[in-house]
Structure formats: C-alpha cells, structure tokens
Amino acid sequence: MPINWKDPELMERQAVWKARQEQNKWDYVPDFKHPEGTDTYTSTDARAVYRLETFDLETLPREKATRDSVTDMHLYDREHLHALFKEKREALQIDLKLGKPVSHKLAARGRDRAAQRRRRAPKASRS
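When we follow this note's numbering, the leftmost residue of the sequence shown carries the number 1, and every step to the right adds one.
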C-alpha cells in the first residue's frame, strides 16, 4: 500500500522528526575525513537511496570533496546513512523502502547514449 503523505498523523510525526533533526545538526569540520576504506555516498545518492532530506543529512559527519564542477560534494558514511534511514522509518512509523542511486542511473544513461551514437555512426568502407 502506498504511503499517504497527506495523512495528518504522519504529517505531525514528520514535523516532530524535522524539529528533532534541526536541533541535532553536526558541527561541520572543514577538514573532516572518513577513515580509509569507508563506503561513502554523495548527498544526491544519499537522498535518493535512503530517502533522506537535506536536514537529515546535516545531522551526519560529512567529508567535503572537490570535483570538476562549480560546487564541492559531500560524502557520507553508508553505515551512518543506513542507521539514520532505519531511525527515520521507525520515527515516522512507515514502511519506507530503499531507493536507487542517481549516479548509477546517470552512468547507465551515458553508456546507453554512447551505444546509440556508435550504432548511428556510419561504418567505414573497406576496400
């Protein structure tokens, strides 16, 4: 059965959850690094996979990593994300399911487009 996000009781539980999260923000440390070998997710994938909001992510330790684009990315420990996901699911009393990472979708889309271009490219004639 789909979740009724407009249910007044659920909306109240969400408001309580959000207020709690707003009070428990992690004190950002600019040079924080996860231990070597930590399985991490970007903010975008963390929100997509673990169904978390930005205010949820702000409660977790995060590593700032630079990339080629204009903005830096933040990396979150998978174990912390999973624990927060379970905690949120219990607090909201809903059967929240894990999602799919956005980065995999984007990578797959790029591979698909490259394959399409290869199929459309004219074949070199052999003489």
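A virtual CB, placed ideally from N, CA and C, is assigned to each residue, including glycine.
Taking buried to mean at least 16 other C-beta atoms within 10 Å of its own C-beta, is Leu57 buried or exposed? buried
What are the residues that DSSP puts in a beta bridge with Ala65? Met73
Please classify Gln116 as buried or exposed, where buried requires at least 16 neighbouring CB atoms within 10 angstroms. exposed
So for Thr54, helix, strand or coil by DSSP? helix
Arg131 versus Glu87 - alpha carbon distance: What is shown of the chain runs 1 to 127, which leaves residue 131 out entirely.
Where does Thr42 sit, in a helix, a strand or coil, going by DSSP? strand
Quick check on this structure: which residue in Glu9, Arg119 and Asp77 has the alpha carbon closest to the alpha carbon of Tyr50? Asp77
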